[in-house]
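*Asks:* Numbers 83 to 338, taken from this note's numbering, label the letters of the sequence shown in order. The structure under discussion is supplied below as structure tokens; questions concerning it will follow.
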Amino acid sequence: MAAAGGDKTQGSLGAGKNYLEEAGMHSPMSVVRKSAKDPGANTTTAYVKNPQGPPLDYSFLEIRTIEELREVMPRSGYRKEPPETIEDDNGQPQPNHLRDEWTKPPRDDLQTNALKLGNNLLTSLPPVFNIILREVMDKPRNLSWIDLSFNQLEEVPAVLASHLYSRLNVIYLHANRIRKISQAACLSDLPTLRSITLHGNPCEQTTNYRLHAIGIFTTIKSLDFTTITAIDREKANTFYNRYLAQKEQRRSADKE
Numbered sequence: 083m084a085a086a087g088g089d090k091t092q093g094s095l096g097a098g099k100n101y102l103e104e105a106g107m108h109s110p111m112s113v114v115r116k117s118a119k120d121p122g123a124n125t126t127t128a129y130v131k132n133p134q135g136p137p138l139d140y141s142f143l144e145i146r147t148i149e150e151l152r153e154v155m156p157r158s159g160y161r162k163e164p165p166e167t168i169e170d171d172n173g174q175p176q177p178n179h180l181r182d183e184w185t186k187p188p189r190d191d192l193q194t195n196a197l198k199l200g201n202n203l204l205t206s207l208p209p210v211f212n213i214i215l216r217e218v219m220d221k222p223r224n225l226s227w228i229d230l231s232f233n234q235l236e237e238v239p240a241v242l243a244s245h246l247y248s249r250l251n252v253i254y255l256h257a258n259r260i261r262k263i264s265q266a267a268c269l270s271d272l273p274t275l276r277s278i279t280l281h282g283n284p285c286e287q288t289t290n291y292r293l294h295a296i297g298i299f300t301t302i303k304s305l306d307f308t309t310i311t312a313i314d315r316e317k318a319n320t321f322y323n324r325y326l327a328q329k330e331q332r333r334s335a336d337k338e
């Protein structure tokens with residue numbers, strides 16, 4: 083696992099979209115209003131409640147397991163305050179070195195709703211993710227954007243389908259090792275999902291990949307950083323309904 087360092091050129095945001103914009107959020111710490119008589123003068127500053135802070139950025143840290151988030155500070159963003167002590171290999175308490183690196187957020191009500199885990203060495207996202215997220219985020223149920231691109235995931239992380247993450251808007255899974263597009267169906271019930279990426283995985287070679295993916299996700303507006311048009315949706319619905327009907331026919335035939 084690498085220490086947090088400078089930025090690298092290979093970004094995991096794909097088309098370079100701001101994560102707040104794609105997730106439909108805004109992050110003003112304050113709103114400055116201009117005087118009608120003197121537009122150059124600031125007369126009122128409206129203090130915005132619960133502003134959106136920057137994402138927790140754990141990208142490019144050579145993280146192999148999700149448990150390693152306990153041992154390293156994010157490259158940017160404000161993680162939850164680390165505990166004063168941690169247990170060593172013998173179960174004995176010792177000072178937590180993260181306390182020396184931790185930075186207190188500029189405001190107590192600053193919301194962290196996004197998590198960047200791209201460009202690491204993750205092979206899976208096991209159920210312990212739920213526990214880890216509670217340790218690094220104050221309000222993990224508010225998670226609305228997660229970047230898992232450029233890892234080594236072989237399966238779509240079903241842990242994200244939990245009701246705990248019902249506010250997820252954006253999921254980046256591109257450039258992994260996911261082979262079956264059908265695995266993505268586990269995320270199809272997320273009620274607020276608007277954008278997902280799966281390109282750069284072996285599953286992209288599936289016949290009618292785009293129609294299949296759009297058919298699975300009935301709420302998304304963007305697939306692989308490309309907007310889904312009304313015609314795209316109509317074609318995908320027709321294709322996917324026919325696919326499901328044929329699948330059911332084959333299942334019935336196998337029982338006879």
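Glycine included, C-beta positions come from ideal geometry on N, C-alpha and C.
What residue ranges within the stretch 151 to 224 form continuous alpha helix (DSSP H) runs of no fewer than 4 residues, ordered along the chain?
*Replies:* For the stretch 151 to 224, whole alpha helix (DSSP H) runs of length 4 or above, ordered along the chain, are 180 to 183 and 211 to 218.
*Asks:* Tell me, please, which residues DSSP counts as bridged to Asp-139.
*Replies:* Locating residue 139 in the sequence shown gives position 57, counting from the first residue. Partner(s): Ser-158 and Lys-198.
*Asks:* Taking DSSP as the reference, what is the three-state secondary structure of Ile-313?
*Replies:* By one-based count along the sequence shown, residue 313 stands at place 231. Of the three classes helix, strand and coil, the one that applies to Ile-313 here is helix, per DSSP.
*Asks:* When you compare each of Leu-280, Ala-243 and Ala-295 to Cys-268 by their alpha carbons, which one comes out closest?
*Replies:* Translated into the one-based positions of the sequence shown, residue 268 becomes position 186. For Cys-268, the nearest C-alpha among the options comes from Ala-243.
*Asks:* Who are the Cβ neighbours of Ser-304 in its own chain at under 6 Å, not counting the five residues just before and after it?
*Replies:* Here the question's residue 304 lines up with position 222 in the sequence shown. Contacts found: Ser-277.
*Asks:* According to the neighbour-count rule (16 or more other Cβ atoms, all chains shown, within 10 Å of its Cβ), is Ile-298 buried or exposed?
*Replies:* By 1-based counting over the sequence shown, the position of residue 298 is 216. Ile-298 should be labelled buried.
*Asks:* Would you report the Cα separation of Phe-211 and Asp-220, rounded to the nearest angstrom?
*Replies:* Taking the sequence shown and counting its residues from 1, one reaches residue 211 at position 129. Taking the sequence shown and counting its residues from 1, one reaches residue 220 at position 138. For Phe-211 and Asp-220, the distance between alpha carbons rounds to 14 Å.
*Asks:* Between Gly-135, Thr-274 and Leu-207, which has its C-alpha nearest Thr-147's C-alpha?
*Replies:* Indexing the sequence shown from 1 puts residue 147 at position 65. Cα-wise, what sits closest to Thr-147 is Leu-207.
*Asks:* Assuming His-256 contacts Leu-280 (C-beta within less than 8 Å), just tell me the rounded distance between them.
*Replies:* Counting from one through the sequence shown, the residue named residue 256 turns up at place 174. Counting from one through the sequence shown, the residue named residue 280 turns up at place 198. Contact holds; Cβ gap of about 6 Å.
*Asks:* Tell me which residue opens and which closes the beta strand (DSSP E) that Ile-148 is part of.
*Replies:* Residue numbering aside, residue 148 sits at position 66 when the sequence shown is read from its first letter. Per DSSP, Ile-148 belongs to no beta strand (DSSP E) and is neither H nor E.
*Asks:* In angstroms with no decimal places, state the Cα-to-Cα distance between Arg-333 and Arg-324.
*Replies:* By 1-based counting over the sequence shown, the position of residue 333 is 251. By 1-based counting over the sequence shown, the position of residue 324 is 242. Those two C-alpha atoms are separated by around 14 Å.
*Asks:* Can you give the Cα-Cα distance for Asp-229 and Leu-180, rounded to whole angstroms?
*Replies:* Along the sequence shown, read from residue 1 onward, the residue named residue 229 stands at position 147. Along the sequence shown, read from residue 1 onward, the residue named residue 180 stands at position 98. Cα to Cα, Asp-229 sits roughly 23 Å from Leu-180.
*Asks:* Quick one: what's got a C-beta closer than 8 Å to Thr-185's C-beta in the same chain, skipping five residues either side?
*Replies:* In the sequence shown, residue 185 corresponds to position 103, counting from 1. Hits under 8 Å: Tyr-160.
*Asks:* Rounded to a whole number of angstroms, what is the C-alpha to C-alpha distance between Glu-237 and Lys-198?
*Replies:* Residue 237 sits at position 155 when you count from the first residue of the sequence shown. Residue 198 sits at position 116 when you count from the first residue of the sequence shown. Answer to the nearest angstrom: the Cα atoms are 18 Å apart.
*Asks:* Measuring straight from C-alpha to C-alpha, what distance separates Ala-196 and Glu-217?
*Replies:* Taking the first residue of the sequence shown as 1, we reach residue 196 at position 114. Taking the first residue of the sequence shown as 1, we reach residue 217 at position 135. So the alpha carbons of these two residues sit roughly 15 Å apart.
*Asks:* Give the DSSP-derived three-state secondary structure of Leu-326 in the structure shown.
*Replies:* Locating residue 326 in the sequence shown gives position 244, where the first residue counts as 1. Helix, per DSSP.
*Asks:* Answer with buried or exposed for Asp-342, where buried requires no fewer than 16 other C-beta atoms within 10 angstroms of its C-beta.
*Replies:* Residue 342 is absent from the structure shown; the chain starts at 83 and stops at 338.
*Asks:* Going straight from the alpha carbon of Leu-272 to that of Leu-250, what length do you get?
*Replies:* For this step, residue 272 is matched to residue 190 along the sequence shown. For this step, residue 250 is matched to residue 168 along the sequence shown. The straight-line gap from Cα to Cα measures roughly 7 Å.
*Asks:* Can you tell me the Cα-Cα spacing of Asn-233 and Glu-153, whole angstroms?
*Replies:* As a working mapping, residue 233 is identified with position 151 in the sequence shown. As a working mapping, residue 153 is identified with position 71 in the sequence shown. One C-alpha to the other measures close to 19 Å.
*Asks:* Sorted by chain position, which residues of the same chain lie with C-beta nearer than 8 Å to Ser-141's C-beta, five sequence neighbours on each side aside?
*Replies:* As a first step, residue 141 is located in the sequence shown; it is residue number 59 there, counting from the start. The answer, listed in chain order, is Ser-94, Arg-157, Lys-198, Leu-199, Gly-200, Asn-201, Asn-202 and Asp-229.
*Asks:* Hey, how far is the Cα of Ala-240 from the Cα of Ile-302?
*Replies:* Walking along the sequence shown from the start, residue 240 turns up at place 158. Walking along the sequence shown from the start, residue 302 turns up at place 220. Between Ala-240 and Ile-302, the C-alpha separation is close to 18 Å.
*Asks:* Please state whether DSSP places Lys-116 in a helix, a strand or coil.
*Replies:* Taking the first residue of the sequence shown as position 1, residue 116 is located at position 34. Note that Lys-116 scores a pLDDT of 44, beneath 50, so its modelled location is shaky; the value from the coordinates is reported in the next line. Note: Lys-116 maps to strand in three-state DSSP.
*Asks:* Have a look at Lys-262 and Thr-288 and give me their C-alpha separation to the nearest angstrom.
*Replies:* Mapped onto the sequence shown, residue 262 falls at position 180. Mapped onto the sequence shown, residue 288 falls at position 206. Those two C-alpha atoms are separated by around 8 Å.
*Asks:* Where do the N-terminal and C-terminal ends of the beta strand (DSSP E) with Ile-228 fall, by residue?
*Replies:* For the purposes of this step, residue 228 is identified with residue 146 of the sequence shown, where counting begins at 1. 227 to 229 is the span of the beta strand (DSSP E), which, as asked, contains Ile-228.
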